[in-house]
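Chains as they are written, first to last, in the working numbering: chain A, 530 to 891; chain B, 530 to 891; chain C, 530 to 891; chain D, 530 to 891.
Think of the CB as a built atom: it goes at the ideal place given N, C-alpha and C, for glycine as much as any other residue.
On a predicted model such as this, the values are computed, not experimentally measured, just so you know.
Have a look at the structure below, then the notes.
There are 4 protein chains.
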Amino acid sequence: MAGSSFGVLFRVTTAGESHGPANVVIVDGVPAGLPLSEEDLLPDLKRRRPGQSKLTTQRQEEDQPEILSGVFDGRTTGTPIAVLFRNQDARSRDYGNLAELYRPGHADYSFDARFGFRDYRGGGRSSARETVARVAAGAIARKLLAQQGIRLLAFVRQVGDISAKVEDPTRLTLEQVEATPVRCPDLEAAARMAELIETVRKEKDSIGGIAELVITGVPAGWGEPVFDKLKADLAKALFSLPAVLGVEYGAGFQVATARGSENNDPFVNREGRIATEGNRHGGMLGGISTGMPLVLRCAVKPTSSLPREQATVNQKGEATTVQTFGRHDPCLLPRFIPMAEAMAAIVLADHGLRSLSARLST
Amino acid sequence: MAGSSFGVLFRVTTAGESHGPANVVIVDGVPAGLPLSEEDLLPDLKRRRPGQSKLTTQRQEEDQPEILSGVFDGRTTGTPIAVLFRNQDARSRDYGNLAELYRPGHADYSFDARFGFRDYRGGGRSSARETVARVAAGAIARKLLAQQGIRLLAFVRQVGDISAKVEDPTRLTLEQVEATPVRCPDLEAAARMAELIETVRKEKDSIGGIAELVITGVPAGWGEPVFDKLKADLAKALFSLPAVLGVEYGAGFQVATARGSENNDPFVNREGRIATEGNRHGGMLGGISTGMPLVLRCAVKPTSSLPREQATVNQKGEATTVQTFGRHDPCLLPRFIPMAEAMAAIVLADHGLRSLSARLST
Amino acid sequence: MAGSSFGVLFRVTTAGESHGPANVVIVDGVPAGLPLSEEDLLPDLKRRRPGQSKLTTQRQEEDQPEILSGVFDGRTTGTPIAVLFRNQDARSRDYGNLAELYRPGHADYSFDARFGFRDYRGGGRSSARETVARVAAGAIARKLLAQQGIRLLAFVRQVGDISAKVEDPTRLTLEQVEATPVRCPDLEAAARMAELIETVRKEKDSIGGIAELVITGVPAGWGEPVFDKLKADLAKALFSLPAVLGVEYGAGFQVATARGSENNDPFVNREGRIATEGNRHGGMLGGISTGMPLVLRCAVKPTSSLPREQATVNQKGEATTVQTFGRHDPCLLPRFIPMAEAMAAIVLADHGLRSLSARLST
Amino acid sequence: MAGSSFGVLFRVTTAGESHGPANVVIVDGVPAGLPLSEEDLLPDLKRRRPGQSKLTTQRQEEDQPEILSGVFDGRTTGTPIAVLFRNQDARSRDYGNLAELYRPGHADYSFDARFGFRDYRGGGRSSARETVARVAAGAIARKLLAQQGIRLLAFVRQVGDISAKVEDPTRLTLEQVEATPVRCPDLEAAARMAELIETVRKEKDSIGGIAELVITGVPAGWGEPVFDKLKADLAKALFSLPAVLGVEYGAGFQVATARGSENNDPFVNREGRIATEGNRHGGMLGGISTGMPLVLRCAVKPTSSLPREQATVNQKGEATTVQTFGRHDPCLLPRFIPMAEAMAAIVLADHGLRSLSARLST
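Below, the structure is given as structure tokens:
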């Protein structure tokens with residue numbers, strides 16, 4: 530495929546650059562009969578939006594979705610749903626010599642290497658602006674999943690060296706996550722994270738972190754045995770987000786030091802349902818869901834754009850410096866939360882539909 | 530798609546169960562004109578094969594590939610290449626009550642949940658036996674990539690709490706990796722890893738670890754901007770392997786505690802070529818290769834099959850125990866190495882072909 | 530896939546209903562560096578537009594395309610190109626009992642059977658309005674192909690029992706085709722076709738016909754050997770257009786009565802280039818282009834919407850009648866011409882890109 | 530995709546050349562629980578096999594299928610089913626200067642143009658031998674469809690200028706079709722067809738014809754609205770078969786001379802079920818099935834291989850002649866019948882699975 534689509538049966542295609550006229554997403558394969566309106570997209574879009582607090586960039590985007598197709602009389606029709614987002618004030622800005630410079634940590638050079646030139650305005654296609662389209666698609670997926678009792682919730686697990694303590698992530702509520710602008714439900718840790726973020730901002734720097742994603746209600750039996758394992762598609766979806774350098778699920782990298790005797794989650798009978806004691810397997814065995822909660826974590830790098838001089842080269846390979854003006858989040862984690870949920874929702878909606886044909890109906 | 534295929538232009542489809550008549554792979558999209566014979570597949574297959582040392586299972590598999598199509602007069606014809614592997618002694622064994630039991634850490638229960646029943650012989654489709662097909666496909670991909678000077682090399686970075694010291698992984702040789710049965714080029718660490726593996730074996734237990742994968746020679750400009758980022762497809766490929774619970778590249782999970790000012794790799798001019806100082810970005814920015822080496826790591830869980838009694842339930846949900854007889858690697862890492870290389874080679878072969886249409890030829 | 534996308538490397542995804550807010554197309558995979566603006570889309574869009582002459586429906590559609598992404602500084606960037614078409618006056622109309630009636634020859638009943646309900650306004654997703662998106666995508670494909678000297682031209686070969694005489698279709702010009710509103714380059718036949726169309730209109734009836742499509746400049750070697758034969762993808766593309774009930778290429782259905790000795794086109798040396806005497810094979814052998822012109826024909830049914838009472842049933846299965854008001858082409862052929870060209874262009878752009886990876890570069 | 534796969538959820542991938550070691554097919558996406566063994570494949574394979582009568586080639590192929598995977602305890606497991614066909618006596622033959630000659634009507638030249646060289650033995654990948662794999666896949670699809678009461682039956686409608694009279698093709702039985710080696714259920718016509726075929730054979734010539742395909746029991750609501758229309762996928766499937774130069778459904782090319790008032794099939798209530806009077810729409814409206822029988826026709830060219838000298842050129846473009854030795858069907862139609870059924874079965878199995886996700890279950 531040409532690379533801007535994701536999913537097989539629930540299929541998302543995005544288009545749009547940061548400072549072009551608009552971003553668009555087409556979601557094909559949504560079953561007919563799902564109640565849907567722009568209102569359903571707003572909560573997640575609002576969480577993704579820049580400028581929510583001083584922890585995030587102050588750039589104002591309207592992020593007003595317009596559903597162009599696929600919905601009639603308030604319900605999905607089974608035909609593709611297109612959602613449009615107009616971009617703001619795209620034309621008037623001065624981009625200086627950004628066309629010729631390669632910003633460290635950004636895709637400027639690799640885009641040039643691939644395409645020969647690039648839309649350098651605001652990062653063009655590699656800007657996080659593109660995720661507005663994903664979050665809209667994710668909100669549709671999430672609504673579909675909610676009908677089956679599936680709930681996705683992500684939160685900030687770590688910023689810098691500050692880790693949250695969360696007793697049982699599967700019992701967290703959206704309210705607990707949204708209680709602080711950091712989106713960390715451990716209030717004490719959240720306060721320290723906010724402080725740290727404010728500190729790095731003042732130092733014209735940025736800081737990374739870890740997001741955790743918990744998905745409950747997924748029935749056992751979703752996922753394909755070999756290449757399209759549920760874990761593989763979730764990992765691809767999360768790695769397709771900007772700034773993600775690591776993904777793990779269940780016990781994750783801790784399995785490196787684990788023994789099998791402690792790492793295997795014994796199957797048990799829990800009130801007549803087969804379940805496991807413990808969940809080091811993060812809800813997936815053989816790439817197929819077990820009915821236990823899915824638990825994943827993403828490592829998110831510190832923002833590459835910094836309001837300070839950084840050494841780099843220009844297109845000719847001459848040494849120079851670059852400094853990012855404009856406003857950028859000193860920590861990407863708070864706004865990453867709804868993006869991670871959206872991508873996971875898209876994967877699950879897809880695999881949920883795919884699971885319908887796994888066996889003969891009887 | 531139906532889940533047993535991977536790739537767009539270089540497309541791999543596998544079929545086969547552990548104890549069925551055979552495993553097969555069809556590799557479609559290999560350009561015409563590549564010299565190829567069964568000989569080319571043997572080295573990687575031999576590295577994957579069980580029974581190479583006492584660190585790995587003593588089960589004998591022949592793993593003799595037969596190329597059935599797509600090669601004529603010693604060269605690929607551009608048509609699909611099918612490779613056949615007959616399975617051995619599949620019929621005669623006694624599987625006891627394995628059909629009814631759910632082994633902890635295995636896909637038995639999730640397969641049943643998906644398909645209603647399963648081929649329980651030796652793990653069926655979820656057995657690592659399936660990777661014989663992938664390694665053959667990977668060997669073809671690798672040969673294609675070698676023509677462009679691309680080299681893939683993986684090694685064992687960690688087993689349990691023993692970590693290898695490797696000064697510059699991009700300069701490792703295959704010989705250094707293959708020098709020990711552990712496939713760890715730090716000989717001192719390798720010896721301790723071997724000891725640890727022997728210990729857990731005696732304790733009827735198993736141990737996890739971390740594999741590292743280094744790919745050199747990838748030109749800048751491979752990968753698609755949004756969903757099919759090179760990092761995303763590599764992650765999917767590696768997560769599609771059994772036992773992988775985490776993947777990271779470049780600085781990986783360490784970015785959580787990093788500042789942008791230290792995490793950004795400055796662009797520099799290295800002998801007329803644009804490169805970066807440091808490689809915390811693991812050779813990919815915006816999901817597109819930068820020309821720097823790709824560096825990835827995978828967390829591999831301890832073997833789930835243990836030669837000791839483990840608590841579990843049967844299909845009816847009744848508590849029982851299961852003990853795995855037969856021979857299993859107490860540590861999956863040594864044999865994981867060629868699998869990781871194979872999957873990465875498949876991804877790169879695919880993206881290399883896809884890069885051909887990125888811009889108008891001039 | 531979810532069904533609203535076409536192509537592998539040059540990939541077109543459409544969304545939109547006849548009377549919804551807008552129609553959209555995303556064209557992914559266009560190589561970077563192609564000069565492109567809305568101006569390039571207008572000529573084909575104008576040819577597709579209703580109301581061009583009294584032979585076609587008088588409904589006014591603006592069909593003003595807006596490129597939303599993928600173009601920067603007048604050139605394609607390699608990222609997906611989204612094109613938006615706002616629909617007109619969608620809201621105000623009265624659709625009577627169309628929601629409950631099944632119009633003969635239309636998709637009303639089959640949509641209901643599939644999705645449970647439908648957007649009945651103006652035919653919803655099954656309306657020919659959707660082809661505005663295809664024609665825009667086709668115009669982009671056509672521009673890409675023109676760079677390689679490939680030219681696509683369709684014309685009306687037959688309306689009712691009136692057939693055009695065209696000595697050498699491969700030498701026709703666009704001007705000759707566009708000389709009459711019927712788009713038949715045989716002026717005498719065109720006049721009689723126009724007369725026939727006017728007659729059936731007055732009789733509140735409609736008439737079918739045949740379109741012929743000639744493509745020159747396609748190099749030998751495009752197309753995949755087995756399922757994705759060039760002829761197969763062209764046929765799928767043309768059959769995906771509304772009202773097409775038959776497709777043939779080269780000698781087409783006449784091969785039924787032909788002998789091999791007369792049907793085989795002998796290979797000859799034409800000025801140093803391998804060609805064939807005659808072109809009964811329509812430019813494709815084994816599903817791969819031979820360098821000879823591609824020649825295809827499509828059978829297009831008479832318009833199903835008729836301004837007269839037709840017997841039918843409603844959703845409850847009760848007998849009733851339906852009469853179509855509003856304006857409809859009494860003959861679809863003239864406006865079908867640009868649609869056929871567009872779909873063929875999309876297929877060829879895709880296969881052109883795919884051909885880049887057929888063999889090792891040397 | 531790389532071109533040797535077909536279908537989305539019921540996905541068929543073939544590999545193999547005419548005179549290589551084997552042909553293989555992998556069928557991925559077959560739901561678990563379908564009873565299946567090699568026996569189920571034999572009837573269709575036998576009908577496809579060369580040498581069934583003196584009307585078809587006398588070349589003996591064993592066509593013995595071996596199921597390698599995806600079936601356990603007599604039922605499909607939901608994992609991919611691989612079927613192997615060994616080729617016979619591939620090695621010993623003398624192909625003369627076939628490597629350098631371009632046979633008229635064959636894919637020799639277009640393969641060379643695409644891939645730079647080709648496996649010229651027996652036509653290599655472009656040989657009809659490859660259809661053995663398709664017929665096996667089709668037999669699996671057919672068995673799946675039979676569970677839902679769907680029946681596919683093709684027959685020879687025309688050879689040369691001899692047309693069969695068949696009162697109601699939807700009531701034909703397999704026995705009636707198989708009653709003659711021509712596979713034409715009109716016995717009188719069948720006798721004349723056999724005579725004509727015998728005549729052209731004696732004249733070292735060949736003859737074309739038309740096959741008709743009738744599919745009953747398809748429920749209303751299968752097919753996707755836009756590109757993946759059921760008619761479009763059926764057309765692609767049939768055009769992907771060798772020698773097909775035309776496909777039509779329902780009234781087909783006769784719609785060109787039809788008026789809408791006579792071409793529209795009025796909806797009626799037939800014993801409580803919505804149906805149509807007449808079936809000029811061939812069972813599909815808007816590309817979606819209506820519940821009426823699907824009726825399609827394919828134009829099949831006369832065999833290109835002729836046991837007489839034909840003028841051609843060699844790879845250098847020098848004029849020469851070629852004569853085909855060995856045995857070839859003077860008329861492809863009888864053996865085309867099971868191939869057409871197989872491809873249609875594959876399409877329907879795919880769309881049947883896809884229809885499962887069209888709307889929310891209620």
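- Look at D/Thr699 here: in three-state DSSP terms it is helix.
- Three or more beta-carbon pairs separated by less than 8 Å are not found between the stretch 737–755 of chain B and the stretch 841–856 of chain B, which leaves the two stretches without contact.
- C/Arg577 is outside the set of residues whose beta carbon lies under 8 Å from a beta carbon in chain B.
- The alpha-carbon separation between B/Leu613 and A/Gly816 amounts to approximately 25 Å.
- Counting only runs of 3 or more residues that sit fully inside the stretch 800–835 of chain D, the beta strand (DSSP E) segments are 802–805, 823–829, in chain order.
- In this structure, the CA atom of C/Ala670 is about 17 Å from the CA atom of C/Leu823.
- CA-to-CA, the gap between D/Ala878 and C/Pro564 works out to about 43 Å.
- Residues of the same chain with a CB within less than 7 Å of the CB of B/Arg837, apart from the 5 flanking positions on each side, are Lys733, Gln852 in chain order.
- Within the stretch 623–691 of chain C, complete beta strand (DSSP E) segments of at least 3 residues are found at 680–688, given in chain order.
- Within the stretch 593–610 of chain B, those residues whose Cβ lies closer than 9 Å to any Cβ of chain C are, in chain order, Thr605, Gly607, Thr608, Pro609.
- A distance below 7 Å between beta-carbons, with the five flanking residues on each side excluded, links A/Ala787 to the following residues of its chain, in chain order: Ala780.
- DSSP lists B/Thr542 as the bridge partner or partners of B/Ser534.
- For D/Pro594, the enclosing beta strand (DSSP E) begins and ends at 594–596.
- Against chain C, the CB of D/Gln617 has no partner CB under 8 Å away; the residue lies outside that interface.
- Bounds of the alpha helix (DSSP H) holding B/Asn792 are 789–792.
- Contact between D/Gly651 and D/Gln687 fails: their C-beta atoms lie close to 29 Å from each other, not under 8 Å.
- Residue pairing of B/Pro572 in beta bridges, as defined by DSSP: absent, with no partner found.
- The C-alpha of A/Leu597 lies about 10 Å from the C-alpha of A/Pro609.
- In the DSSP assignment, C/Leu742 falls within the beta strand (DSSP E) that extends over 738–745.
- Nearest neighbour of D/Lys694 by Cα position, chosen from D/Gln705, D/Leu703, D/Pro714, turns out to be D/Pro714.
- For the pair B/Ala531 and D/Asp557, the CB atoms are nearer than the 8 Å cut-off.
- Spatial neighbours of C/Ile679 in its own chain (CB-CB distance under 6 Å, excluding positions within 5 residues in sequence) are listed in chain order as Gly746, Val747.
- Closer than 9 Å at the C-beta level to chain B, one finds these residues of the stretch 536–550 of chain D: Gly536, Val537, Leu538, Phe539, Arg540, Thr542, Thr543, Ala544, Gly545, Glu546, Gly549, Pro550.
- In this structure, DSSP gives A/Asp557 an extended state, which the three-state scheme calls strand.
- Only residues of its own chain outside the window of five on either side were considered, and among them Ala740, Val829 have a CB closer than 6 Å to the CB of D/Phe865, listed in chain order.
- Counting along the chain, D/Gly881 sits inside no beta strand (DSSP E); it lies in the alpha helix (DSSP H) bounded by residues 862–883.
- For the stretch 638–652 of chain A, the set of residues with a beta-carbon nearer than 9 Å to any beta-carbon of chain C comprises Phe640, Arg643, Phe644, Gly645, Phe646, Arg647, Asp648, Tyr649, Arg650, in chain order.
- Around C/Ala887, the beta-carbon contacts reaching into chain B at under 8 Å are Pro560, Ala561, Gly607.
- The C-beta separation of A/Asp592 from A/Arg578 comes to about 5 Å, placing the pair in contact by the 8 Å criterion.
- Contact of B/Asp557 with chain D by beta-carbon distance below 9 Å involves Met530, Ala531, Gly532, Ser533, Ser534, Thr542, Ala544.
- DSSP, read as helix, strand or coil, puts A/Gly775 in strand.
- With contacts defined as CB atoms closer than 8 Å, B/Asn552 and B/Val661 qualify as a contacting pair.
- Non-local beta-carbon contacts of C/Gly807 in its own chain, meaning distances under 6 Å to residues more than five positions away in sequence, involve Asp794 in chain order.
- Taking a C-beta distance under 8 Å as the contact criterion, D/Asp602 and D/Pro867 do not qualify as a contact pair.
- Across the stretch 753–771 of chain A, CB contacts with chain D closer than 7 Å involve Pro754, in sequence order along the chain.
- For A/Lys694, the closest Cβ of chain B is not nearer than 8 Å.
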